[in-house]
Amino acid sequence: MNKKNLIGIGIGILIITIALLGMDSIIKFSDERLLKIFNSPVTGILVLITGILLMVLFSSKAVEHSAILASALGISPLMIGLVLVSLGTDLPEIVNSIVSSSLGHADIDIGDSMGSVLTQLTLVFGLLPFLGRSFRVKRKEIIVIGGCLILSIMLVISIVEKGYVSR
0 MNKKNLIGIG
10 IGILIITIAL
20 LGMDSIIKFS
30 DERLLKIFNS
40 PVTGILVLIT
50 GILLMVLFSS
60 KAVEHSAILA
70 SALGISPLMI
80 GLVLVSLGTD
90 LPEIVNSIVS
100 SSLGHADIDI
110 GDSMGSVLTQ
120 LTLVFGLLPF
130 LGRSFRVKRK
140 EIIVIGGCLI
150 LSIMLVISIV
160 EKGYVSR
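Numbering (numbering that gives the first Met the number 0), first residue to last: 0 to 166.
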């Protein structure tokens, strides 16, 4: 690995560390303070636009460095995507889940998680053939992904049948 790659990995680790340390202070906010900060439509629009701009700006870098990491480690890019990239893209969702659950809004947490999965499976996989180039996937990788998908569907069905989620 060259110096540029190590710097990129170091920055990624730093961002994850800051996010994890910041969760504690985010959870300590009360409902009233959060409502005062984020209740303004102007604030919501500014946060949305900023998030979209940052996502567009840095998503290509994330993909580029993930491919570099996969080739440096001799691992399939699909597996890097399943482990590393998925963790990075799910960190904001994890923070949202922790905050909404700690504030007593677990229904928002469940809706966010299930909606995210449905969006990724339908919208992203539906647009992939139109926007991307063709690619090869090994049968073994599909079996691993399919097995994880089937297990997660069984878990969701179990939760829905119970009608509640508890410890």
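Each residue gets a CB set at the ideal place from its N, CA and C atoms; glycine is no exception.
8 Å Cβ cutoff met for residue i and residue j
i	j	result
E160	S75	no
S100	D108	yes
L77	V136	yes
G87	A61	yes
S58	I79	no
Sequence-distant residues of the same chain with beta carbon closer than 8 Å to residue i, five excluded per side
i	result
D111	E92, N95, S96, S99
L113	Just to set this straight, residue 113 is Met in the shown sequence, not Leu. Excluding sequence neighbours, M113 sits near V155.
Same chain, Cβ closer than 6 Å to residue i, neighbours up to 5 away in sequence not counted
i	result
V84	S65
| At which residue ranges does the segment 115-151 contain complete alpha helix (DSSP H) runs of 4 or more residues, listed in the order of the chain? | 124-130
| Taking the runs of the alpha helix (DSSP H) that are 4 residues or longer, which of them lie wholly in the segment 30-93? | Taking only runs of at least 4 residues, the alpha helix (DSSP H) segments lying wholly in the segment 30-93 are 30-37, 40-72, 76-79.
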